[in-house]
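Novice:
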Amino acid sequence: MKTILTGLRPTGNLHLGHYFGACVNYLKLQDEYDFYLEIADVQGLTDNFFNPEKVRHNVKEITIDLLSIGLDSSKVHFFIQSRIPEIAELTVFYSNLVTVARLHRNPTVKSEIAQKKEIFGNEGESITYGFLGYPVSQAADITCFNGELVPGGEDQMPLVEQCREIVRKFNSIYGDTLKEPEILLSENKRIKGLDGNDKMGKSLGNAIYLVDSEEEISKKIMGAVTDENKIKRDDPANPNKCMVYYYHKLVNNKENINKVCDECQKGTRGCVQCKKELIESMNNFLSDFRAKRKVYEENPELVDKILADGTREALKKAKEQMVKVKKAMKLDYEN
Ligand code: TRP
Ligand code: SF4
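Printed below as a string of structure tokens:
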């Protein structure tokens, strides 16, 4: 069984963008691979170092979200990044194998710096060593467990590529030790926001969270962007210009989706009714998630145990890897 590893920054709850963009894939992968799932608190701190409570709180939140979508802790090793000191150690070792210029050229890092002007400055002049270096730490995440495949979207490609370069450099200097990982590219289905924006995102304020209550779902869907040309109930409209139709397509069945499309085009469907139907379908879609989530919320010790067990197994694997790395680097003083 091949080893796969992926990580998530614990900076907020999962929304439909995460779910359809990445997490549904994990549900399949958990049956086919030895799956390590890292709650990347250290990486989360690289752009939230001033807000440790947020990261701490979301470690548990995101773990509960991931369990409640159906990830099975008997198949997936859930672990917390900061609890594996070997990752931090590897990060230091790898930092010699990458140039600062190369990190500045990493497209994902570049676009994140541009998006986070309030932290890193308009021209990126306040960029921290830690944030610039997070691809090195991510290379440590992956190689610490001999990760062969890294499931992720296109934004993760430059990070996996940078990891591959570090691995090649390491192996060429210290001898063949590390495996070069490959990305397992998810069909990076980008989910649009309630406002029609191409991307659903927390900072954009246009997201539907899996954890949203029935009231929140109602309020959000009632406010979703529809075809602006439809004014009266009987006006024919273009469903493809409407976010309500867009979400119907995500959570409704084929027959109903066709009905919505057809009636909208003919002008025999009012937007209020259409939104009410979507609210019902969305609540149905979320009902399994909500039931599972309730169990974890009422029994937080279950979550603690899952994280403790996963972390213990991850630690075992990391220690084995560290012996090899230190031997290759002539840091094996104990042997
Ligand atoms: N960079 C990822 C993100 O932005 C999170 C992450 C941390 C990760 N470590 C990883 C992804 C290792 C893949 C492999 O969400
Ligand atoms: Fe959108 Fe439905 Fe209104 Fe058509 S009828 S514009 S699909 S909300």
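First residue of the sequence shown: 64, per this note's numbering; consecutive thereafter.
A virtual CB, placed ideally from N, CA and C, is assigned to each residue, including glycine.
(1) Answer yes or no: the CB of Lys255 versus the heavy atoms of ligand 2, is any distance below 7 Å?
(2) Given a cut-off of 8 Å on the beta-carbon distance, is the pair Thr374 and Ile127 in contact?
(3) If you drop the 5 nearest sequence neighbours on each side, which residues of the same chain put their C-beta closer than 6 Å to that of Val230?
(4) Given a threshold of 16 other Cβ atoms within 10 Å of its Cβ, counted over all protein chains shown, does Tyr192 qualify as buried or as exposed?
(5) Out of Thr109, Asp239 and Cys324, which has the shortest C-alpha to C-alpha gap to Val172?
(6) Going by other Cβ atoms of all chains shown within 10 Å of its Cβ, with 16 needed for buried, is Val161 buried or exposed?
(7) If we count Cβ pairs, one from each stretch, closer than 8 Å, do we get three or more for the stretch 284-297 versus the stretch 147-160?
(8) For Leu166, count the other beta carbons within 10 Å of its own beta carbon; 16 or more makes it buried, fewer makes it exposed. Which is it?
(9) Can you tell me whether DSSP reads Tyr237 as helix, strand or coil?
(10) Between Glu228, Ser200 and Val307, which lies nearest to Pro148 when the distance is taken from Cα to Cα?
(11) Any heavy atom of ligand 1 inside 7 Å of the beta-carbon of Leu273?
(12) Cβ-heavy atom distance between Val323 and ligand 2 below 7 Å?
(13) Could you tell me if the beta carbon of Ala270 falls within a distance shorter than 7 Å of some heavy atom in ligand 1?
(14) Taking the CB atoms as reference points, tell me whether Leu77 and Leu134 lie closer together than 8 Å.
(15) Ends of the alpha helix (DSSP H) at Thr348?
(16) With a cut-off of 8 Å, does the C-beta of Tyr157 fall near any C-beta of chain C?
(17) Where does Thr74 sit, in a helix, a strand or coil, going by DSSP?
(18) Taking contact to mean at least 3 C-beta pairs separated by less than 8 Å, is the stretch 273-281 in contact with the stretch 305-314?
(19) Quick check on the DSSP output: the alpha helix (DSSP H) that includes Gly215 runs from which residue to which?
(20) From the DSSP output, read off the bridge partner residues of Leu129.
(21) Can you tell me the Cα-Cα spacing of Lys304 and Asp290, whole angstroms?
(22) So Phe98 is in the beta strand (DSSP E); what residue range does that whole segment cover?
(23) Please name the residue in Met392, Lys393, Arg356 and Met64 whose C-alpha comes closest to that of Glu124.
(24) Please state the DSSP three-state secondary structure of Phe142.
(25) By a C-beta neighbour count over all protein chains shown, 10 Å radius and 16 as the cutoff for buried, is Tyr396 buried or exposed?
(26) If you scan the stretch 250-281 from start to end, which runs of the alpha helix (DSSP H) of 4 or more residues do you find wholly inside it?
Specialist: Looking at the atomic coordinates:
(1) no
(2) no
(3) Leu241 and Glu243
(4) exposed
(5) Thr109
(6) buried
(7) no
(8) buried
(9) helix
(10) Ser200
(11) no
(12) yes
(13) no
(14) no
(15) Looking at the sequence shown, residue 348 is not Thr but Phe. Cys334 to Glu361 is the extent of the alpha helix (DSSP H) around Phe348.
(16) Of the chains in the structure shown, none is chain C; there is only one protein chain.
(17) coil
(18) no
(19) Premise fails: Gly215 lies in the beta strand (DSSP E), Leu212 to Gly215, not in any alpha helix (DSSP H).
(20) Answer is none; Leu129 lacks a bridge partner.
(21) 5 Å
(22) Asp97 to Ile102
(23) Arg356
(24) strand
(25) exposed
(26) none
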